[in-house]
Amino acid sequence: MAYNDIASPAEVLGREITMTRNLLDAIANSFFKFGRAIMTNSAGQRRIDRVERLRAKSDAELAELNIKRDDIVHYVFKDIYYV
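Mapping of the sequence shown onto our numbering: residues 693 to 775, in sequence order.
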């Protein structure tokens, strides 16, 4: 007589639950990474928009803000980059 190793229903169900959970975790992780990329891009775009708004100001308006025209990029990105 041949020996058959047949898994119990509980073992099969446990494996299926684990595989399903792993799949759902992978999908959720993908959405999380996509969302984080969108947020990072959005934050960078806001900074670029701020640089453009400051560049559009006159030298007198920049002087009121205590910003030199050459320092606009440094002013906007100073909390991220040390220059």
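Here a beta-carbon is modelled for each residue, glycine too, at the ideal position from N, C-alpha and C.
Using the rule of at least 16 other Cβ atoms within 10 Å of the residue's Cβ for burial, across every protein chain shown, is residue i buried or exposed?
{"i": "I730", "result": "exposed"}
{"i": "I719", "result": "exposed"}
{"i": "I764", "result": "buried"}
Hey, quick one: how far does the alpha helix (DSSP H) through residue i stretch, first residue to last?
{"i": "Y773", "result": "Taken as a continuous stretch (DSSP letters only), Y773 belongs to no alpha helix (DSSP H), as it is neither H nor E."}
{"i": "A735", "result": "701-748"}
{"i": "L754", "result": "751-756"}
Whole-angstrom Cβ separation of residue i and residue j, contact assumed at under 8 Å?
{"i": "R747", "j": "V768", "result": "About 10 Å separates the two Cβ atoms, so there is no contact after all."}
{"i": "D751", "j": "R761", "result": "6 Å"}
Residues in its own chain within less than 8 Å of residue i by CB, not counting five upstream and five downstream?
{"i": "N642", "result": "The structure shown does not extend to residue 642, since the chain is modelled only from 693 to 775, so the question has no answer here."}
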